[in-house]
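J.: Protein chains in written order, with this note's numbering: chain L, 207 to 350; chain C, 4 to 291. Glycine is no exception: its CB is placed at the ideal position from the N, C-alpha and C atoms.
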């Protein structure tokens, strides 16, 4: 069961491997963000250097898969053939207050016409596609 | 140094591909792997969450966005060149129009069309020799702010048109301030970007948007800040903003179809919410 109709491009790790630990962890149902080993700064999306201290010594660290809604949008007009019969859907930008307010994009599960509150606490829901080619996992969110 | 520069833009989307469509392939990697699989892939979808957050932070209501669209369509009715000439917009028509992505209705989004536009830039000395009334470039800047390009929607200052650091440099270079601007062209990819651009160029306080953004304030000839007087990207022609620069020159020359009286200082704010951004100010001979 997927939130969006199948047929959108599936995520694969970047050819340079930068975000591979994120996607591999997601397949295990674990949320990882990037942290600088030198200064401890959290960041997202993944980068080769720390935006705070410019160290290139970074690691992917498991975080509690909980955050709060920083912003959201309800999409009505499909811009991809796979979504032609989708109807409205919700995209959320989730921030992690305990991790330097790093933010991640995902879908908000539940009624697509639900009222959404900026600031509401959410937790991650992993949507696994082990039989897809290539197999992958999407990280969605649901209001706590 | 070039003596004469032609700036041009031409669009033929039928032959070369439309904007606003998502990628059609099996897999995706890199920054967009963190957005596209969630259905976030068009320009409107990239900007809607910035505008939503700005509206949340400052209590901005939908009619403020609507006023920007109404002003553009109002001006287009005077402009026979406009794609939307003869197709006026009312509050009711806006309110009943379909959502593209909240908070953008259909009429909050720029057009998709073919077209072409060009400007000729020469020195002031040379301009004096040509038959058209010269219009002078008083200032032009471009730039960005801290980590404005951070991927996956992680710019620390997120709900912004990205002009906070750029606008002060423009006013400084041109030697004018917001109160001196007679008429404004402000790039409408989406109305929400216009709203934040106008705020960040000092015309309106962030918390004063609901009062400032009413149609009467934004229309020529008598509005407080006549804006997008050709119909702009929403209703004249989406020339990726070059049409706005040309309209700014028309205003200085007295040649607009929605002319503001006695224009000396005419401003253009280019595409907001991306990075880097740019803006410029044109002036009449009296401003030199």
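The beta strand (DSSP E) that contains residue 335(L), what's its start and end?
T.: Looking up residue 335(L) in the first chain gives position 129. The continuous beta strand (DSSP E) containing residue 335(L) extends over residues 327 to 335.
J.: Spell out whether any CB of chain L is found under 7 angstroms from the CB atom of residue 157(C).
T.: One-based indexing of the second chain puts residue 157(C) at position 154. Closer than 7 angstroms: yes.
J.: Straight-line CA distance for residue 61(C) to residue 68(C)?
T.: Walking along the second chain from the start, residue 61(C) turns up at place 58. Walking along the second chain from the start, residue 68(C) turns up at place 65. Computed Cα separation, rounded: 13 angstroms.
J.: Would a C-beta distance cut-off of 7 angstroms place residue 308(C) and residue 229(C) closer than the cut-off?
T.: Nothing about residue 308(C) can be read from this structure; chain C reaches only from 4 to 291.
J.: Taking only three categories from DSSP, how would you classify residue 166(C)?
T.: For this step, residue 166(C) is matched to residue 163 along the second chain. Coil, per DSSP.
J.: Going by beta-carbon coordinates alone, are residue 34(C) and residue 154(C) separated by less than 7 angstroms?
T.: Looking up residue 34(C) in the second chain gives position 31. Looking up residue 154(C) in the second chain gives position 151. Going by C-beta atoms, residue 34(C) is nearer than 7 angstroms to residue 154(C).
J.: Hey, residue 234(C) and residue 82(C) are a contact pair by Cβ (cut 8 angstroms); roughly how many whole angstroms apart?
T.: The count along the second chain starts at 1 and reaches residue 234(C) at position 231. The count along the second chain starts at 1 and reaches residue 82(C) at position 79. Indeed they touch by this definition, with Cβ atoms about 5 angstroms apart.
J.: Which residue wins for smallest C-alpha separation from residue 49(C), given the options 274(L), 231(L), 227(L) and 279(L)?
T.: On the second chain, residue 49(C) is found 46 positions in, with the first residue counted as 1. That would be 279(L), whose Cα lies nearest to the Cα of residue 49(C).
J.: Where does residue 245(L) sit, in a helix, a strand or coil, going by DSSP?
T.: Sequence index remark: in the first chain, residue 245(L) carries index 39 (1-based). Here residue 245(L) sits in coil by DSSP.
J.: When you compare the CB positions of residue 347(L) and residue 312(L), do they come within less than 7 angstroms of one another, or not?
T.: Within the first chain, numbered from 1, the residue matching residue 347(L) stands at position 141. Within the first chain, numbered from 1, the residue matching residue 312(L) stands at position 106. Yes.
J.: Is it right to say residue 93(C) is buried, meaning 16 or more other beta carbons lie within 10 angstroms of its own, or is it exposed?
T.: In the second chain, residue 93(C) corresponds to position 90, counting from 1. Classification for residue 93(C): exposed.
J.: State the start and end residues of the unbroken beta strand (DSSP E) segment that holds residue 280(L).
T.: On the first chain, residue 280(L) is found 74 positions in, with the first residue counted as 1. Where residue 280(L) is concerned, the enclosing beta strand (DSSP E) stretches over 272 to 281.
J.: Between residue 142(C) and residue 177(C), is the Cβ-Cβ spacing less than 7 angstroms?
T.: Within the second chain, residue 142(C) is the residue found at index 139, counting from 1. Within the second chain, residue 177(C) is the residue found at index 174, counting from 1. Yes. Within cutoff.
J.: Among the residues of its own chain, which have a CB less than 8 angstroms from the CB of residue 7(C), if the five just before and after it don't count?
T.: In the second chain, residue 7(C) corresponds to position 4, counting from 1. Answer for residue 7(C): 123, 124, 125 and 129, listed in chain order.
J.: Can you give me the C-alpha to C-alpha distance between residue 229(L) and residue 268(L), rounded to a whole angstrom?
T.: On the first chain, position 23 is the one that residue 229(L) refers to. On the first chain, position 62 is the one that residue 268(L) refers to. So the alpha carbons of these two residues sit roughly 12 angstroms apart.
J.: Just the Cα atoms here: how many angstroms apart are residue 266(L) and residue 214(L)?
T.: Position 60 of the first chain, counting from 1, holds the residue named residue 266(L). Position 8 of the first chain, counting from 1, holds the residue named residue 214(L). When rounded, the distance between both Cα atoms is 27 angstroms.
J.: Return the residues of the segment 271 to 284 of chain L that lie within a Cβ-Cβ distance of less than 8 angstroms from chain C, sorted by chain order.
T.: 276, 277, 278, 279, 280, 281, 282 and 283
J.: Going along chain L, which residues have a C-beta under 8 angstroms from residue 116(C)?
T.: Residue mapping note: residue 116(C) aligns to position 113 of the second chain, counting from 1. Those do not exist, as residue 116(C) stays about 18 angstroms from chain L at its closest Cβ, beyond 8 angstroms.
J.: Can you list, in chain order, the residues of its chain with a C-beta nearer than 7 angstroms to that of residue 87(C)? Leave out the 5 residues immediately preceding and following it.
T.: Taking the first residue of the second chain as 1, we reach residue 87(C) at position 84. These residues qualify, in order along the chain: 76, 79, 234 and 238.
J.: Looking at the structure shown, is residue 127(C) part of a helix, part of a strand, or coil, going by DSSP?
T.: Within the second chain, the letter at position 124 stands for residue 127(C). Correct three-state label for residue 127(C): helix.
J.: Check the Cβ of residue 299(L) against every Cβ in chain C and list those closer than 7 angstroms, keeping chain order.
T.: The residue you call residue 299(L) lines up with position 93 of the first chain. Going along chain C in sequence order, the residues near residue 299(L) (Cβ under 7 angstroms) are 52 and 156.
J.: Using Cβ-Cβ distances below 7 angstroms, what residues of the segment 246 to 264 of chain L are close to chain C?
T.: 250, 251 and 257
J.: Measuring straight from C-alpha to C-alpha, what distance separates residue 211(L) and residue 20(C)?
T.: Taking the first residue of the first chain as position 1, residue 211(L) is located at position 5. Taking the first residue of the second chain as position 1, residue 20(C) is located at position 17. Whole-angstrom Cα-Cα distance: 25 angstroms.
J.: Give every residue of the same chain whose Cβ lies closer than 6 angstroms to the Cβ of residue 85(C), excluding the five residues on either side of it in the sequence, and list them in chain order.
T.: On the second chain, position 82 is the one that residue 85(C) refers to. Only 79, 234, 238 and 239 meet the Cβ criterion.
J.: Exposed or buried, which one is residue 159(C) when buried takes at least 16 other CB atoms within 10 Å?
T.: Locating residue 159(C) in the second chain gives position 156, counting from the first residue. Classification for residue 159(C): exposed.
J.: When you compare the segment 332 to 346 of chain L with the segment 225 to 239 of chain L, are there three or more beta-carbon pairs, one atom per stretch, that lie closer than 8 angstroms?
T.: yes
J.: Using a Cβ-Cβ cutoff of 8 angstroms, what residues of the segment 55 to 70 of chain C are near chain L? List them in chain order.
T.: For the segment 55 to 70 of chain C, the set of residues with a beta-carbon nearer than 8 angstroms to any beta-carbon of chain L comprises 55, 56 and 59, in chain order.
J.: Can you give me the C-alpha to C-alpha distance between residue 32(C) and residue 152(C), rounded to a whole angstrom?
T.: Position 29 of the second chain, counted from the first residue, corresponds to residue 32(C). Position 149 of the second chain, counted from the first residue, corresponds to residue 152(C). Going from the Cα of residue 32(C) to the Cα of residue 152(C) covers about 18 angstroms.
J.: If I measure Cβ to Cβ from residue 74(C) and keep anything under 7 angstroms in the same chain, skipping five residues before and after, which residues do I get?
T.: Position 71 of the second chain holds residue 74(C). Excluding positions up to five away in sequence, the list reads 218, 221, 222, 230 and 231.
J.: Return the first residue and the last residue of the alpha helix (DSSP H) that residue 57(C) is part of.
T.: Mapped onto the second chain, residue 57(C) falls at position 54. From DSSP, the alpha helix (DSSP H) with residue 57(C) extends over 46 to 61.
J.: Between the beta-carbon of residue 295(L) and the beta-carbon of residue 42(C), is there less than 7 angstroms?
T.: If you number the first chain from 1, residue 295(L) lands on position 89. If you number the second chain from 1, residue 42(C) lands on position 39. Taking a C-beta distance under 7 angstroms as the contact criterion, residue 295(L) and residue 42(C) qualify as a contact pair.
J.: Where residue 250(L) and residue 91(C) are concerned, what is the direct C-alpha to C-alpha distance, given to the nearest angstrom?
T.: Position 44 of the first chain, counted from the start, is the residue given in the question as residue 250(L). Position 88 of the second chain, counted from the start, is the residue given in the question as residue 91(C). If I take the Cα positions, the gap works out to 44 angstroms.
J.: Tell me which residues of the segment 302 to 313 of chain L have at least one Cβ-Cβ distance to chain C shorter than 7 angstroms, keeping chain order.
T.: 308, 309, 310, 311, 312 and 313
J.: Beta-carbon within less than 7 angstroms of residue 305(L)'s beta-carbon, same chain only, minus the 5 sequence neighbours each way: which residues are those?
T.: Start at 1 with the first residue of the first chain, and residue 305(L) comes out as number 99. Correct list, in chain order: 239, 248 and 269.
J.: According to DSSP, simplified to helix, strand and coil, what is residue 249(C)?
T.: For the purposes of this step, residue 249(C) is taken as residue 246 along the second chain, with counting starting at 1. It is helical.
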